[in-house]
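Undergrad: Numbering (our numbering), first residue to last: 313 to 492.
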């Protein structure tokens with residue numbers, strides 16, 4: 313089993329409240345060939361994260377706690393969502409909508425991962441995720457393929473509900489300042 317104390321000692325560049333309250337992202341490595349993050353969750357994660365893709369492939373190892381990962385796909389039995397392409401500008405939370413795609417039905421399949429389990433995703437897969445209190449996850453991030461990703465926002469009553477947002481409390485660096 314990996315030594316969590318050693319990983320904590322190796323970690324740096326801590327970003328607190330990483331999209332959700334209580335989630336911290338810490339770097340373990342890097343240099344342009346991908347990187348390793350450790351996600352640590354101090355609270356039971358209940359707040360929804362807008363379904364999204366990444367700009368890179370990744371693999372995760374659950375060191376402690378549990379992760380629920382939902383993989384989204386078009387589904388005739390799903391609910392209506394608008395897919396939007398986001399253009400990323402190099403900093404946490406710094407992206408802008410670049411292109412709205414069609415409104416279609418989307419559904420998900422949820423998988424649970426406990427201590428010692430691995431999961432992975434390709435860059436173009438759309439997912440949403442939940443962490444248990446005390447979860448520790450090593451996140452192996454591959455090199456970025458592009459500066460664009462996708463997100464899904466729900467459609468209700470014929471209008472798109474803007475669930476994607478970046479709030480001032482998100483992405484707080486160790487010194488207490490926002491890291492956007």
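Ideal Cβ placement from N, Cα and C applies to all residues, glycine included. Computed from a predicted model, the values in this text were never measured in an experiment.
Among residues of its own chain, excluding the 5 on either side of residue 459, which ones have a beta-carbon nearer than 7 Å to its beta-carbon?
TA: Excluding positions up to five away in sequence, the list reads 367, 399, 400.
Undergrad: Return the first residue and the last residue of the alpha helix (DSSP H) that residue 321 is part of.
TA: Where residue 321 is concerned, the enclosing alpha helix (DSSP H) stretches over 316-322.
Undergrad: Suppose the cutoff is 7 Å on Cβ atoms and the five residues either side in sequence are ignored; what does the same chain contact list for residue 383 look like?
TA: Same-chain partners within the cutoff: 420, 421, 437, 439.
Undergrad: Measuring only the C-alpha atoms, how far is residue 386 from residue 392?
TA: Near 10 Å, if we compare the C-alpha coordinates of residue 392 and residue 386.
Undergrad: CB residue 462 to CB residue 396, shorter than 8 Å?
TA: The answer is yes: Cβ separation under 8 Å.
Undergrad: Where in the region 353-383 do unbroken runs of the beta strand (DSSP E), each at least 3 residues long, occur, reported from the N-terminal end onward?
TA: Fully enclosed beta strand (DSSP E) runs of 3 or longer: 370-376.
Undergrad: Do you know how far the Cα of residue 466 is from the Cα of residue 316?
TA: Roughly 38 Å separates the two Cα atoms.
Undergrad: Please work out which residues of its chain come closer than 6 Å, Cβ to Cβ, to residue 427, disregarding the five sequence neighbours upstream and downstream, and give them in chain order.
TA: These residues qualify, in order along the chain: 374, 376.
Undergrad: Report back the beta-carbon spacing between residue 446 and residue 353 to the nearest angstrom; my notes put them in contact at under 8 Å.
TA: Confirmed, Cβ separation roughly 7 Å.
Undergrad: According to DSSP, is residue 348 helix, strand or coil?
TA: If DSSP states are grouped into helix, strand and coil, residue 348 belongs with the strands.
Undergrad: Which of helix, strand or coil does DSSP assign to residue 391?
TA: Three-state result, residue 391: strand.
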